[in-house]
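*Asks:* Pasting a structure here, questions to come.
Protein chains: 2
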Amino acid sequence: MARHSILDSLDDTLRRETLEKARVMQFPPGQILFSAGQHCQGLPLVLGGRVKVQMTGVSGHSIVLYRMDADDICTLSIGCLMTGRAYRAEAVVEEAAEAVMIPRGVFDRLMDQSAGFRLGIMESYGRRLDDLMLLVEEVAFRRMDKRLEEWLLGRAKRGPVVITHQELAVELGTAREVVSRLLKELERRDMVRLSRGRIELTGLIA
Amino acid sequence: MARHSILDSLDDTLRRETLEKARVMQFPPGQILFSAGQHCQGLPLVLGGRVKVQMTGVSGHSIVLYRMDADDICTLSIGCLMTGRAYRAEAVVEEAAEAVMIPRGVFDRLMDQSAGFRLGIMESYGRRLDDLMLLVEEVAFRRMDKRLEEWLLGRAKRGPVVITHQELAVELGTAREVVSRLLKELERRDMVRLSRGRIELTGLIA
DNA sequence: GGTTGAATGTGACTTTATCACTGAAGTCGC
DNA sequence: GCGACTTCAGTGATAAAGTCACATTCAACC
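Top line first, the protein sequences correspond to chains Y and R.
Using this note's numbering, read the first sequence as starting at 1 and increasing by one per residue.
Using this note's numbering, read the second sequence as starting at 1001 and increasing by one per residue.
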């Protein structure tokens, strides 16, 4: 059963009609939801799992822009859906995800007939814009060592972080060598223990 | 008379009603349209002039996020209007600007009753999101000297660029000293001629 | 057990950021 | 017209981050 808070804002008739025309889809880890240059087929409402959205610049470097998880809306798709432009970023499933795909026609109808749906869409847009503004500030002004430590702390809820230095570099929008060196420095200070594809936080609990 | 393409998408009745309740306002250069922490009073539709939107990070550094000019919609205001959150950025008038301020109630009504209005709003949102994604990439990966040259070229349509190094640093999200040094280097290579608050492009026409 | 490919380590060097100043150019009051 | 003041610009020293080139290590798979 499709559980997404934006669907709760619909009245019964509209919700039933929506669910009739929308498809619930499953995406295994590693699957590409969409990639740069593609055109949008429908609006994904994320029911569960985790998807990262990243873009690759002209330089060939990539950076993770944001993540989507349960109850999120794929904001990028809205713009592509309504204006017909192609995606500029790429979405990669990290944890097996489930999403309802709302076809264009249904989306238009929902926007037309449900104030709650509109609010949900606008809220999602606003949040994304905020996220990106904060990211700009972060990338432009914050020190890489702090950003790295913060990222690790945010990920180390329980157990070691399983990630390669290269992937971590994409998370932060920097080079692999920079990540390697900063991590080695953290290891020297006994903040982390490093092994291949794996970072264990030891002293970094603050 | 208020000319904005999104108003053209409205039928006569709706447009008349909107213009009755909306106020056309004038903003002189230097005026702050809104600043971080403030709450949104209405949605500005920009009729003319130029407004820059910039944010200041925790570090105290600022960076210009994007600009609005004729026929633009203040995307940031939409999110603040609908969710009640405060602005996170600041808008400063660069060239005397004129805007129609759409009050919240009218905005809701337009979203409800006009598909064209909705499309315009969504288009604006999508474009802004794109702008910010490109900015992230630019800040994260492109070289400062190239970005500076590009910025200057984009501004030097006719005549010299009137700007201080400090302001230019905010445009690019870097430090004033960095801008000064890069400009001096350009001057050594006879690409520009520098004077106080003014940059003349000489060899930089490419 | 040896080969292979991915992941990591590191030196050398360039670019960018930061700090701490100095000097130069405008502005204002008289 | 002349100081006093303020804003703007220049620069050396040093630290942080990015780039390039290559060495090493690890894990997986014949």
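Beta carbons are placed, not taken as given, at the ideal position from N, Cα and C, and that holds for glycine.
Treat the numbers as computed from the prediction; the structure is a model and nothing was measured.
Is the beta carbon of I1032(R) sitting closer than 7 Å to the one on V1106(R)?
*Replies:* For I1032(R) and V1106(R), no; Cβs fall outside 7 Å.
*Asks:* Taking beta-carbon pairs under 7 Å, can you tell me which members of the stretch 1113-1128 of chain R lie near chain Y?
*Replies:* So the list reads A1115, R1118, L1119, M1122, E1123, Y1125, G1126 and R1128, given in the order they occur along the chain.
*Asks:* Which residue marks the beginning of the alpha helix (DSSP H) containing R176(Y), and which one marks its end?
*Replies:* Unbroken alpha helix (DSSP H) run through R176(Y): R176 to R188.
*Asks:* Thinking C-beta only, is G1048(R) closer than 7 Å to I1102(R)?
*Replies:* No.
*Asks:* Once the 5 residues before and after E94(Y) are set aside, which same chain residues still bring their CB inside 7 Å of it?
*Replies:* Excluding residues within five positions, the ones whose Cβ falls inside 7 Å are P29, R50, V51 and K52.
*Asks:* For the candidate residues R1147(R), V1058(R), L1081(R) and R1193(R), whose alpha-carbon lies nearest to that of Y125(Y)?
*Replies:* Among R1147(R), V1058(R), L1081(R) and R1193(R), the Cα nearest to that of Y125(Y) is on L1081(R).
*Asks:* Going along the chain, which residues of its own chain have a beta-carbon closer than 6 Å to the beta-carbon of H39(Y), five neighbours each way excluded?
*Replies:* Result list for H39(Y): A86, in chain order.
*Asks:* According to a CB-to-CB cut-off of less than 7 Å, which residues of the stretch 1056-1067 of chain R neighbour chain Y?
*Replies:* Cβ contacts with chain Y come from G1057, S1059, H1061, I1063 and L1065.
*Asks:* By how many angstroms is the C-alpha of D130(Y) removed from the C-alpha of G1084(R)?
*Replies:* Computed Cα separation, rounded: 14 Å.
*Asks:* For the alpha helix (DSSP H) that I163(Y) lies in, which residues bound it at each end?
*Replies:* Per DSSP, I163(Y) belongs to no alpha helix (DSSP H) and is neither H nor E.
*Asks:* Would you call the stretch 192-202 of chain Y in contact with the stretch 159-173 of chain Y, where contact means no fewer than 3 C-beta pairs closer than 8 Å?
*Replies:* Because the criterion of three Cβ pairs below 8 Å is met, the stretch 192-202 of chain Y and the stretch 159-173 of chain Y touch.
*Asks:* Thinking C-alpha only, which one of L172(Y), R88(Y), V139(Y) and L10(Y) is nearest F34(Y)?
*Replies:* If we check each option's Cα against that of F34(Y), R88(Y) comes out closest.
*Asks:* List the whole-angstrom C-beta distance separating L172(Y) from R189(Y), where the pair is believed to meet the contact cut-off of C-beta under 8 Å.
*Replies:* Wrong, their Cβ atoms sit about 19 Å apart, outside the cutoff.
*Asks:* Since Y1066(R) is in the beta strand (DSSP E), which residue starts that stretch and which ends it?
*Replies:* Run containing Y1066(R): S1062 to D1069, per the beta strand (DSSP E) assignment.
*Asks:* Taking Cβ to Cβ, would you say D1072(R) is nearer than 7 Å to V1046(R)?
*Replies:* Going by C-beta atoms, D1072(R) is nearer than 7 Å to V1046(R).
*Asks:* Can you tell which of T1174(R), L1201(R) and V1178(R) has the C-alpha that lies nearest to the C-alpha of G1057(R)?
*Replies:* The shortest Cα separation from G1057(R) among T1174(R), L1201(R) and V1178(R) belongs to T1174(R).
*Asks:* Interface residues of chain Y around V1178(R) at Cβ under 8 Å?
*Replies:* Per Cβ cutoff of 8 Å: no residues; V1178(R) is ~12 Å from chain Y at best.
*Asks:* Less than 7 Å separating the beta-carbons of V179(Y) and L186(Y)?
*Replies:* No, they are not a contact pair.
*Asks:* Using the Cα positions of W151(Y) and E90(Y), report the straight-line distance between them to the nearest angstrom.
*Replies:* Answer to the nearest angstrom: the Cα atoms are 21 Å apart.
*Asks:* What separation, rounded to the nearest whole angstrom, lies between the Cα atoms of E167(Y) and R1158(R)?
*Replies:* In a straight line, the C-alpha of E167(Y) is about 45 Å away from that of R1158(R).
*Asks:* Applying the 10 Å Cβ sphere with the 16-neighbour rule, what's the burial state of R143(Y)?
*Replies:* It is exposed - the Cβ of R143(Y) has fewer than 16 other Cβ atoms within 10 Å.
*Asks:* Does the distance from the C-beta atom of L1214(R) to that of A1156(R) stay below 7 Å?
*Replies:* No information on residue 1214(R) is available, as it lies outside the stretch 1001 to 1206 that chain R covers here.
*Asks:* What does M133(Y) touch in chain R if you count any residue whose Cβ is under 7 Å from its own?
*Replies:* Residues of chain R passing the Cβ test: M1055, L1065, R1088, A1089 and L1132.
*Asks:* Check the Cβ-Cβ distances between F1141(R) and every residue of chain Y, and say whether any is below 7 Å.
*Replies:* Chain Y contact via Cβ: present.
*Asks:* Would you list, in sequence order, the uninterrupted alpha helix (DSSP H) runs of no fewer than 4 residues that lie entirely inside the stretch 124-172 of chain Y?
*Replies:* Fully enclosed alpha helix (DSSP H) runs of 4 or longer: 144-155 and 165-172.
*Asks:* Measure the C-alpha to C-alpha separation of A1036(R) and S1062(R) and round it to an integer number of angstroms.
*Replies:* The alpha-carbon atoms of A1036(R) and S1062(R) are separated by roughly 12 Å.
*Asks:* Run the CB neighbour count on V1024(R), radius 10 Å, all protein chains shown included, and call it buried at 16 or more, exposed below.
*Replies:* When all chains shown are included, V1024(R) counts as exposed.
*Asks:* Using the C-alpha atoms, what's the distance from S1005(R) back to Q113(Y)?
*Replies:* In a straight line, the C-alpha of Q113(Y) is about 24 Å away from that of S1005(R).
*Asks:* Under the DSSP definition of a beta bridge, which residues are partnered with G1079(R)?
*Replies:* DSSP output for G1079(R) lists no bridge partner at all.
*Asks:* For E137(Y), which of S1009(R), D1069(R) and Q1054(R) has the nearest alpha-carbon?
*Replies:* When only C-alpha atoms are compared, the closest one is Q1054(R).
*Asks:* Taking Cβ to Cβ, would you say V139(Y) is nearer than 7 Å to V1064(R)?
*Replies:* No. Outside cutoff.
*Asks:* What residues from chain R crowd round V136(Y), counting only those whose CB sits closer than 8 Å?
*Replies:* Within chain R, the residues near V136(Y) are M1055, I1063, L1065, L1132, L1135, V1136, V1139 and G1173.
*Asks:* Sorted by chain position, which residues of the same chain lie with C-beta nearer than 8 Å to R67(Y)'s C-beta, five sequence neighbours on each side aside?
*Replies:* Correct list, in chain order: R50, V51, K52, V53 and E94.
*Asks:* With DSSP as the reference, please indicate the residues paired to M1191(R) in a beta bridge.
*Replies:* Paired residues: none, contrary to the question.
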